[in-house]
């Protein structure tokens with residue numbers, strides 16, 4: 015009887031330890047995913063902010079290029095490339 019009780023206690027301890035480990039793994043994965051999502055959101059915000067800053071500059075540059083009589087196609091392609099990158 016005494017040996018049986020000790021093995022049961024060891025099994026309980028092992029099970030408890032396994033449960034604790036699995037909970038730690040789950041929470042670690044969960045929080046790492048949360049941090050990853052926050053990082054992605056921050057990147058999206060900064061990209062949108064950059065897009066708002068870059069597009070008007072390129073449009074102004076396009077207007078300057080048009081004033082000089084050069085082809086504006088190159089600037090238009092730059093604008094579309096920048097917009098595609100940031101979307």
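In our numbering, the protein residues as written are 15 to 101. For glycine and all other residues, C-beta sits at the position ideal for the given N, C-alpha and C.
| Check | Outcome |
| --- | --- |
| Cβ pair residue 100, residue 65 closer than 7 Å | yes |
| Distance, residue 44 Cα to residue 27 Cα | 26 Å |
| Pair within 7 Å by beta-carbon distance, residue 96 and residue 68 | yes |
| Straight-line Cα distance separating residue 29 from residue 63 | 51 Å |
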